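The structure under discussion appears below in the form of structure tokens.
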Amino acid sequence: MNIHPTAVIEPGAELGTNVTVGAYAVIERDTQIGDDCIIYPFAAIRRYTTLGPRCQVHSGAILGGDPQDLKFRGERTYLRLGSDNWVREYATLHRASGEECVTVIGDGNLIMAYAHVGHNCVVGNSVLMANSVAISGHCVVEDFVNIGGLAAVHQYVTIGTMAMVGGLSRIVRDVPPYMIVEGNPARPRGVNLRGLQRREVPQPVRDALRRAYRLLFRSGYNISDAITKILAEEEDPPAELLRLIDFMRRMDAGSKGRQLNPR
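Here this note's numbering runs 12 ahead of the position in the sequence shown, where the first position is 1.
Pasting the structure below:
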């Protein structure tokens, strides 16, 4: 291990092999730092935080801070990150609110400078959050999502897999998988074809999603009627299309377009 002499590592912190800790970094007790992690100068890893292997936490970032929730009463809660995450300068990832609850960050995510992930969120794998993205509490961000800079996400929002959110957008409703949304408030603008191509989604599937997009968001049909027409036109709907349909049904049944929002 390479630990700078000015770093503060409390007794009870568990560090794996080949961990680097920079000058004036703080690692509190009851934390676990995986193998080959790099904690840059002035970063802070707060209590009850776990990092998987090969994570990088850059200067000024704070992981595992108390949730910004008026209901929080100091109960034991957690922040858990998987492997190969990059957390850039001054980003903040908060522990959950509610006894033994967890904020979860998956594997291979890039969380850029000044971004924020609130309490009780679940972030999947290979997510990119650009600078100053703000994710409110109780949100779900599924795999392969790309969120542009300065976007703000309302609490209890779900962002579906392979979706792209434009910069400066205000996200107050769930974002359907495979779609591009942007605006204030954000609305679907098309299918994330570039993202689908990167994930090697076949052309026939991309075409089916484009047809579904037109019926769901450009035809004037309500969600139920659009889904009925989509299924009538698709003899053998691919798994991605069925996932989109299931997401839209749950979104439509939720409160204010948010399937996780408590009524």
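A virtual CB, placed ideally from N, CA and C, is assigned to each residue, including glycine.
Everything numeric in this text was worked out from a predicted model, so none of it was measured.
Quick one: which unbroken alpha helix (DSSP H) runs of 4-plus residues sit fully inside the stretch 208-235? Chain order, please.
-> 215-229
According to the neighbour-count rule (16 or more other Cβ atoms, all chains shown, within 10 Å of its Cβ), is G94 buried or exposed?
-> buried
Which of helix, strand or coil DSSP assigns to A198 | strand
Does the distance from the CB of V177 to the CB of E194 come in under 8 Å?
-> yes
In terms of residues, what are the limits of the beta strand (DSSP E) holding L105?
-> T104 to H106
Close-in-space but distant-in-sequence residues of the same chain around Y36 (CB under 6 Å, 5 per side omitted) = The residues are T18, P53 and F54.
Taking the DSSP output, what are the residues bridged to T12?
-> Because the chain in this structure spans residues 13 to 275, residue 12 falls outside the shown range and cannot be described.
Where the beta strand (DSSP E) through L256 begins and ends | Run containing L256: none in the beta strand (DSSP E); it sits in the alpha helix (DSSP H), A251 to A265.
Neighbour flag for A164 against chain B, beta carbons, 8 Å | This model lacks chain B altogether, as it is built from one protein chain only.
Pick out the complete alpha helix (DSSP H) segments inside the stretch 139-209, 4 residues or longer, and give them in chain order.
-> none
May I ask you to list the residues that DSSP assigns as paired with L75?
-> I57 and L105
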